[in-house]
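Since the structure comes first, as structure tokens, the remarks are kept for the end.
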Amino acid sequence: MKSQDQLPQKISGKTVVITGGSSGVGRATAEAFALEGCNIVIAARGKEALDETVALCRDLGAIAIGVVTDVSIASDVENLAKTALQFNGRIDIWVNNAGVMASGKFEEIPMELHEHVIKTNLFGYMHGAYSVLPIFKKQQEGILINNVSIGGFMPAPYSAVYSATKFGIRGMMECLNGEISNSKDIHICNLYPQIQQSTGNMHSAKYSGLDFKIPPFAADPRDTAAKIVQLARSPQKDLFPDTTSLVLKTVYGLFPKPIINIASAGMRLMMKMKNAPSDPGNVLQESKNPHKIYGETMLPVPSRNTKMALLAGLGIGLTYILLKNHSDKKDS
């Protein structure tokens, strides 16, 4: 059995591969590893945005290159791994991060988009693991970090296929962790963050009629990136990087049916007030502008203490609703 209680590793000079590195958490992660003095290989579909992230890392003093990559294509990811090996002779850390999302009624989202969400998210992480694990085994060391999202434990309402990919990634990595359990210096780490204050929501496909803005309680992408660096220093199998993600996982585990029903009802209510046309977003093509770390929030971002107070209030409210519902059923 592999021990998770290991001394933090020095990561300066390590070679790090990051997929989906052109914006959002991916760009923040590239920035974070650059500040640590790592050699960085950044992958994304769009060359212009990729070049911007590479320039950002170089401005911070890091050695960095970009490789145009569509993670849904196995040969692209194989080329990414080969290029990374040529870059510095080894790969120390691989971050599976690229992902897309389509929200709306299941039958109203084009099948082509459903299929490409699976190809990018589930197949993309599979392609990453398939390309890098043989390299790690040859080196007898390496860290694979998967930015899964809380969607690996709790489905996102009206995002059925996206949710399926996240549950699938979690299952695949659970199994792969067993396969590498006899290799003490090879690690597979899974991160389960909540919704991010990033450009991801702006770039997603929307077939709900809603022009979503990021909710104010969303997590800071730079905080999430810091947790990815933490996993590179001190690998552990699963990490919930913020209080909200851990609370959501726990509450959904206790009350799965009421939670998804309440969340879906809320979405249905909002979908009655349609204010935007259908938009395929970045599912089938590279992300459009903006290419940056942060996206647009619907309200000013509250302080940490305010977030905690809102979360506590939400927890109390949900507990009251669920207990009342349980009591009403017993009385009927």
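In the numbering used here, the protein residues as written are 7 to 338.
C-beta atoms are modelled at their ideal positions from N, C-alpha and C, and glycine is treated no differently.
Spatial distance of residue i from residue j (CA atoms)
i: Glu84; j: Met160; result: 31 Å
i: Thr256; j: Asn267; result: 16 Å
i: Thr312; j: His193; result: For Thr312, the pLDDT reaches just 48, beneath the cut-off of 50, and the residue's location in the model is therefore unreliable, although a value from the coordinates is still provided. Roughly 36 Å between the two C-alpha positions.
i: Ile151; j: Leu245; result: 10 Å
i: Val123; j: Ala104; result: 11 Å
i: Thr249; j: Ala232; result: 15 Å
i: Ala49; j: Val289; result: 16 Å
i: Gln15; j: Ala40; result: 16 Å
i: Arg33; j: Ile99; result: 16 Å
i: Asp82; j: Pro140; result: 17 Å
i: Gly259; j: Ser137; result: 33 Å
i: Glu118; j: Ser284; result: 14 Å
i: Ser189; j: Asn183; result: 10 Å
i: Leu86; j: Pro264; result: 43 Å
i: Ser210; j: Ala108; result: 6 Å
i: Ser29; j: Lys20; result: 22 Å
i: Gly272; j: Gly130; result: 31 Å
i: Ala80; j: Lys278; result: 40 Å
Contacting residues, own chain, Cβ-Cβ under 6 Å from residue i (five flanking each side not counted)
i: Ala70; result: Ile46, Val60, Cys63, Arg64
i: Ala315; result: The pLDDT assigned to Ala315 is 48, lower than 50, so where the model puts this residue is not dependable, and the model offers no usable value.
i: Lys280; result: Gly215
i: Ile186; result: Ile192
i: Val22; result: Phe39, Cys44, Ile46, Ile99
i: Phe142; result: Gly148, Ile192
CA nearest to the CA of residue i, picked from the options
i: Cys181; options: Asp217, Asn196, Asn288, Ser284; result: Asn196
i: His120; options: Ile97, Ile156, Gly148, Ser169; result: Ser169
i: Gly67; options: Glu54, Thr89, Ala38; result: Ala38
i: Ser293; options: Ala55, Gly19, Asn281; result: Ala55
i: Glu147; options: Thr35, Val154, Pro222, Asp191; result: Asp191
i: Ser155; options: Met178, Ile115, Gln202, Thr35; result: Gln202
i: Phe112; options: Asp76, Gly95, Lys212, Ala80; result: Lys212
i: Ser78; options: Ala224, Val253, Ala135; result: Ala135
i: Lys204; options: Ser187, Ile17, Phe223, Ser189; result: Reading the sequence as shown, one finds Ser at residue 204 and not Lys. When only C-alpha atoms are compared, the closest one is Phe223.
i: Lys243; options: Pro286, Gly177, Pro221; result: Gly177
i: Lys144; options: Ile175, Leu91, Glu114, Gly130; result: Leu91
i: Gly199; options: Ser251, Pro262, Pro116, Lys125; result: Note on identity: in this sequence residue 199 is Pro, with Gly being the wrong assignment. Of Ser251, Pro262, Pro116, Lys125, the residue nearest in Cα terms is Ser251.
i: Ile133; options: Asn94, Ile115, Ile175; result: Sequence inspection shows His at residue 133; the Ile mentioned does not correspond to that position. Ranking the options by Cα distance to His133, first place goes to Ile175.
Interface flag, residue i vs chain B, CB-CB below 8 Å
i: Thr250; result: Of the protein chains in the structure, only one exists, and it is not chain B.
Nonlocal neighbours in the same chain, by C-beta distance under 7 Å from residue i, ignoring five residues either side
i: Glu58; result: His297
i: Met276; result: Leu216
i: Phe173; result: Gly158
i: Gly110; result: Tyr164, Lys212, Tyr213, Ser214
i: Val31; result: Asn103, Asn153, Gln202, Ser204, Pro227, Thr230, Ala231
Sequence-distant residues of its chain with Cβ nearer than 8 Å to residue i (five each side left out)
i: Ser270; result: Pro163, Tyr164
Rounded distance between the beta-carbons of residue j and residue i, thought under 8 Å
i: Asp76; j: Arg51; result: 5 Å
i: Thr89; j: Val74; result: Going by Cβ atoms, the distance from Thr89 to Val74 rounds to 10 Å, so no, they are not a contact pair.
i: Val101; j: Asn127; result: With 8 Å as the limit, Val101 and Asn127 do not qualify as a contact, their Cβ atoms being about 15 Å apart.
i: Thr35; j: Ile17; result: The pair is not a contact, with the Cβ atoms about 13 Å apart (cut-off 8 Å).
i: Glu114; j: Val235; result: Contact flag wrong, Cβ pair sits at about 40 Å.
Does the count of Cβ pairs from the segment 285-304 and the segment 224-234 closer than 8 Å reach three?
yes
With contact counted as at least three CB pairs below 8 Å, one residue from each stretch, are the segment 231-242 and the segment 211-221 in contact?
no
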